[in-house]
Amino acid sequence: MAETYDVVIIGGGPGGYNCAIRAGQLGLKVACIEMRGTLGGTCLNVGCIPSKALLHASHLFSAAQNEFASLGIKTGKVELDLTQMMAQKSDAVDGLTKGIEFLFKKNKVDYVKGKGKILSKGKVEVTDADGKKQVLETKNIVIATGSEPATLPGIEIDEERVVSNTGALSLKAVPKKLVLIGAGVIGLEMGSVWARLGSEVTVVEYLDRILPPADAEVAKEAERAFKKQGLSFKLGTKVTGIEKTKTKLKVAVEPAKGGAGETLDADIVIVAIGRKPYTEGLGLENVGGKTDKRGVIEVTDHFKVADGVWAVGDCIPGPMLAHKAEDDGTAVAELIAGKAGHVNYDLVPSVVYTSPEIAWVGKNEEELKAAGIDYKKGKFPFMANSRARTNHETVGFVKILAEKGTDRILGAHMIGVGVGEMIAEVCVAMEFGAASEDIARTSHAHPTLSEAIRQAAMGVEGWTMQM
Ligand code: FAD
Ligand code: NAI
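Just so we're aligned: the sequence shown equals residues 1 to 467 in UniProt numbering.
Structural data, given as structure tokens:
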């Protein structure tokens, strides 16, 4: 007789594993099905974690070459050991994925290896790597199947020379010439890694700006900073094809609005034009589940697909971010346990882990203008922040937007060293409904980079200390 679970989760990424662990903590009987062979999903295996391991190591490599001498540190010749750099990346991934297995055991979550398919309400079939099938019976099914890279028609990803984010994280040698398609988050993070390690990087972007969801002023400052680091951008440009010769790739590009084309030579092309939900072979139709034309699973505002069927993370609407997936998963476990689970999508922060980092939360200026909301703005440059000056890391600024009249903070947009950590202060403030004056009157330690947030908040009222 098959066991009956309270919850069976399909997918062991940040959405799925957080849902599983929280459900276990709440005393529910839980199974989590994962087909990859390791837990952690895209984020831990081929996303957030390996990319940050390479960003960190390549940043130090570049600093040792270009910055240490000016700080009075003599290094001798700095050399790259790419094999070791990749090995430390894999160590970080292994440690964290095994950590989730440990947390599953600790919270009595059954880890079922294989591909899950919904047969009907309450029934999920699992097929393991040898083709052996079993059926799990459950009161609730949670879909947490995540996403996969979007592809360009006519361009075949071979993960050797034309690669997605997965191949981009495991190149065997530093390409001499690297072309990235897409100046979004992956394009900028991966472009930074390989440029720091010595590649000549060209980023081809369809739109006439980089990083579309970011505040335009931040994106402009970022473009300037990346150009100084040697990245070159072809904006308003589309790729029409890639010809593979024995030794080279010939990337055909032309203006997005039409016009004369040109060919870019490349050793490697990284395709990073966004991601799409992964629902292949899931059996969504067996419970009446629907997707929109982009393949995003339709859910109610509290994650319901159908009675007893829920969905979380990258496969449902909202930003495709690990912490958003985590929050979705936690909320669904709590809803299933009869508690109040809710996620405030307006306050999910975004961070791009380049150098300088880019971070934002809430609405940007373009969105406020489009919505006809009257706002005040305070902006403070790191050039005027004493810690940034001391560290010789003065690129960027903090901008705070607050509602005219109420002074309630509506958004914060930052570019500079360390802003990926600093954004959390504004998230907490906004979650508590803070006014910009609340931050302006809160003591911030001196000398810290976070004083720039306080000064930007003071700037909303016009009493910043800027020189
Ligand atoms: P996923 O992490 O994709 O997990 C879904 C899992 O389900 C996968 O392991 C898959 O194998 C499994 N699965 C799918 N179908 C089935 C099935 N039928 N049966 C069994 N298992 C199945 N986000 C951030 O917040 N910060 C970052 O720094 C960041 N960096 C990134 C860098 C890169 C290069 C990429 C590609 C993404 C990055 N992201 C980052 C995004 C982040 O990885 C995703 O938002 C997050 O992983 C989504 O979590 P998820 O649980 O919804 O899906
Ligand atoms: P993205 O959506 O961030 O950027 C894609 C870019 O490609 C956009 O600028 C878009 O205009 C451009 N584009 C689309 N089609 C194009 C075409 N045909 N030719 C040229 N340019 C084209 O997607 P990306 O970078 O692939 O990342 C996917 C997702 O993964 C991100 O949106 C994010 O959710 C997540 N991610 C998050 C990270 C983080 O939080 N630090 C890091 C990496 C990824």
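Each residue gets a CB set at the ideal place from its N, CA and C atoms; glycine is no exception.
Would you mind working out which of the options sits nearest residue i, comparing C-alpha positions?
{"i": "residue 68", "options": "314, 392, 438", "result": "392"}
{"i": "residue 414", "options": "157, 352, 376", "result": "352"}
{"i": "residue 183", "options": "140, 234, 123", "result": "234"}
{"i": "residue 447", "options": "390, 398, 421, 439", "result": "390"}
{"i": "residue 456", "options": "247, 384, 155", "result": "384"}
{"i": "residue 379", "options": "26, 463, 247", "result": "463"}
{"i": "residue 395", "options": "299, 356, 22, 200", "result": "356"}
{"i": "residue 324", "options": "311, 77, 348", "result": "348"}
{"i": "residue 313", "options": "302, 301, 327, 307", "result": "327"}
{"i": "residue 122", "options": "329, 310, 84", "result": "310"}
{"i": "residue 247", "options": "267, 285, 30, 73", "result": "267"}
{"i": "residue 38", "options": "148, 98, 199, 302", "result": "98"}
{"i": "residue 23", "options": "110, 257, 80, 255", "result": "110"}
{"i": "residue 229", "options": "258, 191, 84", "result": "191"}
{"i": "residue 322", "options": "147, 61, 118", "result": "147"}
{"i": "residue 118", "options": "132, 255, 136, 72", "result": "136"}
{"i": "residue 42", "options": "83, 20, 315", "result": "315"}
{"i": "residue 26", "options": "368, 339, 198", "result": "339"}
When we look at the beta-carbon of residue i and count the other beta-carbons within 10 Å, is it buried (16 or more) or exposed?
{"i": "residue 451", "result": "buried"}
{"i": "residue 140", "result": "buried"}
{"i": "residue 153", "result": "exposed"}
{"i": "residue 428", "result": "exposed"}
{"i": "residue 421", "result": "exposed"}
{"i": "residue 124", "result": "buried"}
{"i": "residue 145", "result": "buried"}
{"i": "residue 280", "result": "exposed"}
{"i": "residue 241", "result": "exposed"}
{"i": "residue 196", "result": "buried"}
{"i": "residue 44", "result": "buried"}
{"i": "residue 17", "result": "buried"}
{"i": "residue 329", "result": "buried"}
{"i": "residue 224", "result": "exposed"}
{"i": "residue 354", "result": "buried"}
{"i": "residue 202", "result": "buried"}
{"i": "residue 363", "result": "buried"}
How many Å lie between residue i and residue j at the Cα?
{"i": "residue 1", "j": "residue 101", "result": "The predicted position of residue 1 is uncertain, since its pLDDT is 48 and thus under 50; no value can be drawn from it."}
{"i": "residue 350", "j": "residue 337", "result": "30 Å"}
{"i": "residue 297", "j": "residue 320", "result": "13 Å"}
{"i": "residue 252", "j": "residue 163", "result": "17 Å"}
{"i": "residue 46", "j": "residue 35", "result": "15 Å"}
{"i": "residue 134", "j": "residue 52", "result": "37 Å"}
{"i": "residue 423", "j": "residue 361", "result": "7 Å"}
{"i": "residue 295", "j": "residue 288", "result": "15 Å"}
{"i": "residue 180", "j": "residue 419", "result": "25 Å"}
{"i": "residue 28", "j": "residue 103", "result": "15 Å"}
{"i": "residue 444", "j": "residue 388", "result": "15 Å"}
{"i": "residue 232", "j": "residue 305", "result": "44 Å"}
{"i": "residue 469", "j": "residue 366", "result": "Lying outside 1 to 467, the shown extent of the chain, residue 469 is not represented and no answer is given."}
{"i": "residue 403", "j": "residue 449", "result": "25 Å"}
{"i": "residue 87", "j": "residue 335", "result": "40 Å"}
{"i": "residue 209", "j": "residue 222", "result": "11 Å"}
{"i": "residue 442", "j": "residue 426", "result": "12 Å"}
{"i": "residue 206", "j": "residue 78", "result": "37 Å"}
{"i": "residue 50", "j": "residue 218", "result": "26 Å"}
{"i": "residue 398", "j": "residue 381", "result": "6 Å"}
{"i": "residue 215", "j": "residue 400", "result": "11 Å"}
{"i": "residue 156", "j": "residue 194", "result": "22 Å"}
{"i": "residue 265", "j": "residue 177", "result": "7 Å"}
{"i": "residue 453", "j": "residue 40", "result": "33 Å"}
{"i": "residue 8", "j": "residue 358", "result": "37 Å"}
{"i": "residue 459", "j": "residue 437", "result": "10 Å"}
{"i": "residue 332", "j": "residue 245", "result": "50 Å"}
{"i": "residue 238", "j": "residue 95", "result": "40 Å"}
{"i": "residue 81", "j": "residue 167", "result": "19 Å"}
(request) Only counting runs of 3 or more residues, tell me where the beta strand (DSSP E) segments fall wholly within the stretch 101-147, in order along the chain. (result) 109-113, 115-120, 123-127, 133-143
(request) Inspect the CB distances between the stretch 401-415 and the stretch 425-436 and report whether three or more fall short of 8 Å. (result) yes
(message) Check whether the stretch 269-279 and the stretch 187-201 touch, using three or more Cβ-Cβ pairs below 8 Å as the test.
(response) yes
(request) Count the CB pairs spanning the stretch 110-129 and the stretch 57-71 that are closer than 8 Å, and state whether there are at least three. (result) no
(message) Check whether the stretch 159-173 and the stretch 341-350 touch, using three or more Cβ-Cβ pairs below 8 Å as the test.
(response) no
(request) Tell me, please, whether the stretch 11-26 touches the stretch 80-93 by the rule of three or more beta-carbon pairs shorter than 8 Å. (result) no
(message) Please give the ranges of any alpha helix (DSSP H) in the stretch 369-395, keeping only runs that are unbroken, at least 4 residues long and fully inside the region.
(response) 386-390
(request) Run through the stretch 181-261 for me and flag every whole beta strand (DSSP E) of 3 or more residues, listed as ranges in chain order. (result) 200-204, 232-234, 237-244, 249-255
(request) Starting from the N-terminal side, write out each stretch of the beta strand (DSSP E) that is 3 residues or longer and does not extend beyond the stretch 410-446. (result) none
(request) Any chance you could list the beta strand (DSSP E) runs of at least 3 consecutive residues sitting entirely within the stretch 281-322, in chain order? (result) 304-306, 309-311
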